[in-house]
Amino acid sequence: MRGSARLLTPLAAAAFALFAALPASAVPNWLPPNVNASYGTKVDDLYFAIYFIVAAFFFLTEGLILYCCIAFRGRPGRKAKYMHGSNVAETVWTVIPALILIGIGVAQAGTWKEIRMTFPSEKDPNTLVIQTFPKQYEWAFRYAGADGAFGTADDVYQNGIHIPIGRKVLVKLSSSDVIHSFFVPHARVKLDAMPGMMGRTWFTMDKVSVWNLKDQKMEVLTLEEMKSKKVAWALTNGPSRQAWGYKLVEASTDAPDAQLKKGMKKYSYELLTGKTNVQVWYEGKVQDVPAAEVDAVFHRYEIACAELCGMQHFNMRSNVFVDPPEIYDTWYKGVCDQAVKTGSPEVTTARWHTYWDQAHPTWNKAIE
Ligand SMILES: [Cu+2]
């Protein structure tokens, strides 16, 4: 046993050092920036608390296995002993995990209640209600339109969403085929879309996503931080933008990692040919500036499907654009006017009418 103890000490020290080194070097890059102002921090805090508990026990148990493999390995003259088990050991390794589980259960109860059991009232004019009705393999969204009611002729149908910065967004979702899952990593929001059931989730996003043209990277900015930047629009930003200056060039989702590592960019924004001046959002209003002065382009947050829903699941993505309030209002008025003027194509609306409006009319009613 003396030899074993000599082995155990450096092993335990190495395991502990590895574990202790992890948070400093790896944690900051693991998660995308958290822009959910309502409860995002609480989600991350719980995530890391559980992560560290699991990681500590991982190193403890794997370390013990490794130790036993080496310390009790077969040697000439050493005989295996048979034992019937130990009631003390069984009790200890049952009670400790049970207590930890209960502890986590108690610690998360308040956050669970806040996120999953309390919802912003739909009757509050400050709550933005958006419905989503995904299918294999695309996201489909619906806004109430000018009359404020769902299931009416002026509803606005979109493939991606715009939301005003800082406003509470309530998403009502279902599915018309298999189970999908509405996932906005930056907002720490995830909820399954179940056929035949309507689920609700909500969040607030308090930062705008922009693509920094100089550094070629995504940045998240508060309205205050945005004031000193000249931010232009890109083609990807929705049909009602008239001031497009750039177009988004995106590497295909199946581009090999090697190619991306060799300098191929996941995203880049190119100035549209023939553009010398572009419209930007600067100092709180829309202005016209030479393209050379532009700092950044309005960029998207990703919506992903987090449920393995079929062969093209990996491709089932969409966008959230978080807009300054004035920009959102202009966008929303634009799409509402368009919905009244031209209506939405039958191919888009038929599925909603049959499987949402007619099958479940109560889903369109505002919940207090
Ligand atoms: Cu899906």
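The opening residue of the sequence shown carries number 27 in the working numbering; numbering runs sequentially from there. The C-beta atom is built at its ideal place from N, Cα and C for all residues, glycine as well.
Residue i vs residue j beta-carbon contact at 8 Å
i           : j           : result
residue 168 : residue 66  : no
residue 247 : residue 236 : yes
residue 304 : residue 312 : no
residue 256 : residue 308 : yes
residue 365 : residue 132 : no
residue 203 : residue 221 : yes
residue 344 : residue 230 : no
residue 160 : residue 354 : no
residue 57  : residue 70  : yes
residue 376 : residue 306 : no
residue 217 : residue 153 : no
residue 209 : residue 219 : no
residue 187 : residue 346 : yes
residue 194 : residue 146 : yes
Contacts around residue i, its chain only, beta-carbon distance under 8 Å, and the 5 residues preceding and following it disregarded
i           : result
residue 59  : 212, 233 and 246
residue 75  : 130 and 133
residue 223 : 200
residue 149 : 392 and 394
residue 423 : With the chain covering 27 to 394 only, the question about residue 423 has no answer from this structure.
residue 205 : 218, 219, 220, 221, 333 and 335
Limits of the beta strand (DSSP E) - the one that residue i falls within
i           : result
residue 327 : 327-331
residue 156 : 154-158
residue 297 : 293-297
residue 225 : 225-230
residue 271 : 270-276
residue 235 : 234-238
Contacts around residue i, its chain only, beta-carbon distance under 6 Å, and the 5 residues preceding and following it disregarded
i           : result
residue 342 : 163 and 331
residue 390 : 176 and 177
residue 62  : 213, 214 and 229
Per-residue DSSP class, three states only, for residue i
i           : result
residue 134 : helix
residue 384 : helix
residue 259 : strand
residue 390 : helix
residue 193 : coil
residue 338 : coil
residue 151 : coil
residue 265 : Residue placement at residue 265 is flagged as unreliable, the pLDDT there being 47, under the threshold of 50; the coordinate-derived value follows with that caveat. Of the three classes helix, strand and coil, the one that applies to residue 265 here is coil, per DSSP.
residue 309 : coil
residue 322 : strand
residue 283 : helix
residue 373 : helix
residue 143 : helix
residue 378 : helix
residue 179 : coil
residue 213 : helix
residue 166 : coil
residue 219 : strand
Extent of the continuous alpha helix (DSSP H) run through residue i
i           : result
residue 361 : 351-368
residue 249 : 249-252
Proximity test, residue i beta-carbon vs ligand 2 heavy atom, cut-off 7 Å
i           : result
residue 211 : Here the bound small molecules are ligand 1; ligand 2 is not part of this structure.
7 Å CB neighbourhood of residue i in its chain, flanking five on each side removed
i           : result
residue 122 : none
residue 319 : 256
residue 172 : 180, 362 and 366
residue 244 : 235, 237 and 325
residue 302 : 316 and 317
**Asked** What are the complete alpha helix (DSSP H) segments, minimum 4 residues, inside the stretch 54-132?
**Response** Qualifying alpha helix (DSSP H) stretches, in chain order: 66-97.
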